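S.K.:
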Amino acid sequence: MSRTLIRYWAYDQCLQNRKIKYSWKDLLRKANEASEEAGYEPIKKTMFYKDIHAMQAPPYRAPIETIREGRDAYYRYSDPTFSIKNQKLNELEAEELKSALMVLSRFKGMPQFDWVNEIIPKIEQQFGLSNESSDIIGFDENVDLKGMEFFGELFNAILYKKPLIIDYQSFKSTEPKAFEISPYYLKQHNNRWFLFGQVERFPGLTVLSLDRIETIKDSKAEYIKNTSYDFDEY
Numbered sequence: 000m001s002r003t004l005i006r007y008w009a010y011d012q013c014l015q016n017r018k019i020k021y022s023w024k025d026l027l028r029k030a031n032e033a034s035e036e037a038g039y040e041p042i043k044k045t046m047f048y049k050d051i052h053a054m055q056a057p058p059y060r061a062p063i064e065t066i067r068e069g070r071d072a073y074y075r076y077s078d079p080t081f082s083i084k085n086q087k088l089n090e091l092e093a094e095e096l097k098s099a100l101m102v103l104s105r106f107k108g109m110p111q112f113d114w115v116n117e118i119i120p121k122i123e124q125q126f127g128l129s130n131e132s133s134d135i136i137g138f139d140e141n142v143d144l145k146g147m148e149f150f151g152e153l154f155n156a157i158l159y160k161k162p163l164i165i166d167y168q169s170f171k172s173t174e175p176k177a178f179e180i181s182p183y184y185l186k187q188h189n190n191r192w193f194l195f196g197q198v199e200r201f202p203g204l205t206v207l208s209l210d211r212i213e214t215i216k217d218s219k220a221e222y223i224k225n226t227s228y229d230f231d232e233y
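Number 30 in numbering that gives the first Met the number 0 belongs to position 31 of the sequence shown; there are no gaps in the numbering.
So, in C-alpha cells, the structure goes:
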C-alpha cells in the first residue's frame, strides 16, 4: 500500500468516529503513527492539509466538515456512513481507469500484463463503455528496445516489494557487476527506461538503465523500504 493511502485510511477511520473529536493535530498524529508503523517518514502540517483537500476532491469526494467550538475545531464526515474504502467508480472514473489500463496494454507480449487485456472488457461491460477505442496518445517507446524484456519482471518486483540481483553492464566497466537492489520506481526519459532503487552498500539512490541489464534473479535479502524518496519529484 502506498504511503498516501496509508494516511488516507488513518484519517478515514477517525473521521467516521462520532464519539471522539479529532483536531488537525490528532489526525496528523494518527496518520504519522500509521505511516511510521509501515516504515515511512512522518509528515508535517502542510502535507496534512493537502491530504484533506485531496480527499475532498475526486475520486473520493469525502464529505469532510470542520466543527468549531470556541477556539477549538475538529473534523468529521458529515455523513458518518461514508468511507473512502466503500467508494465505487462512476462512469467518468471508469473511463479514465480504462485509458490508464490501455497504456499498460501497449506492453503486449509480456505475460505479466496479460491481465490488462482481460480486465478492460469487464470494465466496458459493467459501465457500458465504448469498445471502439482508438489511440489518442503517441508513445515514443519501442517495446522491442533492448532491456524491455525485463520491464514486466521489474514492475512486479516493485509492486510486491521483492529485492533483486541484477547483473549490469555499465559503459564504464569491461565486465558486468552484480547489484543487489530493492527496486522502487520505473521512469522513461529520452526514449530509455530507468530503474530507481536502493542498494544497501550505497548511501543514495541507484539508477540503472534497462538497456544495460544483462540478467535478473530473485534475492534472498530483506527488502529495503522507501522512506526517503518522493518520485513525483523525479
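For glycine and all other residues, C-beta sits at the position ideal for the given N, C-alpha and C.
This one's a predicted model, so the numbers in the text were calculated from it and none came from an experiment.
(1) Using C-beta distances below 8 Å, list every residue in its chain close to Phe149, excluding the 5 sequence neighbours before and after it, in chain order.
(2) For Pro182 and Glu152, I'd like the C-alpha separation in whole angstroms.
(3) With DSSP as the reference, label Pro182 as helix, strand or coil.
(4) If we count the other Cβ atoms within 10 Å of its Cβ and call it buried at 16 or more, is Pro239 buried or exposed?
(5) If we define contact as Cβ-Cβ less than 8 Å, is Lys18 a contact residue for chain D?
(6) Taking the alpha-carbon of Trp234 as reference, which of Leu207, Asp11, Tyr48 and Ala156 has the nearest alpha-carbon?
(7) Determine the closest residue to Asp229 out of Cys13, Phe178, Lys161 and Glu40, with distance taken between C-alpha atoms.
(8) In angstroms, rounded to a whole number, what distance separates the CA positions of Ala53 and Leu163?
(9) Would you call the segment 68-79 and the segment 33-48 in contact, with 3 or more CB pairs under 8 Å?
M.R.: According to the structure data:
(1) Leu209, Ile212 and Ile215
(2) 11 Å
(3) strand
(4) There is no way to answer for residue 239, as the model of the chain reaches only from 0 to 233.
(5) No chain D appears in the structure shown, which is made up of a single protein chain.
(6) Missing from the structure shown is residue 234; the chain here goes from 0 to 233 and no further.
(7) Glu40
(8) Looking at the two C-alpha atoms, the distance is approximately 34 Å.
(9) no
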